[in-house]
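Let me begin by presenting the structure, written as structure tokens, before commenting on it.
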Amino acid sequence: MPNALAKLDDLKAALGFSGDSEDATLTSMLEAATASAARLVGVATLMRQVDIVEYPRPRGSTGSPLAYLSHYPVESINQIKLAGYTSDSDGFAEIDPLEANQFALLQSLGEIELFFGERFAPYPYANLVVYTAGYIDPSEASPPATALQAPADLQRAIVVEATRLWNTRRDAGIDEVDAGQGDTHRPGEESAHPQLVAACEALGRIKA
1 MPNALAKLDD
11 LKAALGFSGD
21 SEDATLTSML
31 EAATASAARL
41 VGVATLMRQV
51 DIVEYPRPRG
61 STGSPLAYLS
71 HYPVESINQI
81 KLAGYTSDSD
91 GFAEIDPLEA
101 NQFALLQSLG
111 EIELFFGERF
121 APYPYANLVV
131 YTAGYIDPSE
141 ASPPATALQA
151 PADLQRAIVV
161 EATRLWNTRR
171 DAGIDEVDAG
181 QGDTHRPGEE
191 SAHPQLVAAC
201 EALGRIKA
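In terms of full-length UniProt numbering, the sequence shown has 17 at position 17, counting the first letter as 1, and numbering is strictly consecutive.
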């Protein structure tokens, strides 16, 4: 399954390709464009991940009722635990997840913040959160009912960026594009297509 938030068929249509001889390379372009979008937003990946386990830091000053989660967007909060409230072997006490209206409000603000209220432990890494976040692969035939679909503007922008990467590769005579994580360099990555930048800005958390 490709790690891309746009369909291969859409990219092939944009490039006027009908065969499958370039499918592997085109898929790598979509993955590279999707990875570029994640870097612009400031997250490791925008692809859906289930049961992510994190120990988030408070957002802002010590004792803030907000904690920062590293994956976006949040589909569901599956579990919240706070340290120091129990003698259980793991040292954490489970509390109720967010109320639906709180969760919906935070999501609508486009922020990756989790409201703990007064029960939030005011020191780093004292809170355990298990959650599902990210967008489902748009080529997934039977996505879960709760899965979040990437906005249409973002999907189109990823196709545009993948097209730009393809053209850069062709013009530079480069045989492969690495779609890995981290600091791997990709041809043409220095300036993402403005349409991709705009789509990432619309998510509400573009990296400075």
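Every residue, glycine too, gets a C-beta built ideally from N, C-alpha and C.
For the alpha helix (DSSP H) that Leu8 lies in, which residues bound it at each end?
-> Locating residue 8 in the sequence shown gives position 8, counting from the first residue. From DSSP, the alpha helix (DSSP H) with Leu8 extends over Leu8 to Leu15.
State the start and end residues of the unbroken beta strand (DSSP E) segment that holds Val130.
-> Locating residue 130 in the sequence shown gives position 130, where the first residue counts as 1. First-last of the beta strand (DSSP E) with Val130: Asn127 to Ala133.
Simplified DSSP assignment, three categories, for Asp51 | Here residue 51 refers to the residue found at position 51 of the sequence shown. Residue state, collapsed to three classes: strand.
Limits of the alpha helix (DSSP H) - the one that Ala192 falls within | Here the question's residue 192 lines up with position 192 in the sequence shown. Per DSSP, Ala192 belongs to no alpha helix (DSSP H) and is neither H nor E.
By Cβ distance below 6 Å, which residues in the same chain neighbour residue 217 in space, the five residues on each side in sequence not counted?
-> Residue numbering for the chain in the displayed model covers 1 to 208; residue 217 lies beyond these limits and cannot be assessed.
Alpha carbon of Leu196 to alpha carbon of Leu26, nearest angstrom | Taking the first residue of the sequence shown as position 1, residue 196 is located at position 196. Taking the first residue of the sequence shown as position 1, residue 26 is located at position 26. Cα-Cα distance, rounded: 17 Å.
Which stretch, first to last residue, makes up the alpha helix (DSSP H) that contains Glu31?
-> Here residue 31 corresponds to residue number 31 of the sequence shown, with the count starting at 1. From DSSP, the alpha helix (DSSP H) with Glu31 extends over Asp23 to Val41.
Going by Cα to Cα distance, which pick from Ala6, Ala152, Ser139 and Tyr55 is closest to Thr34?
-> As a first step, residue 34 must be located in the sequence shown, where it is residue number 34. Thr34 has its Cα closest to that of Ala6, out of Ala6, Ala152, Ser139 and Tyr55.
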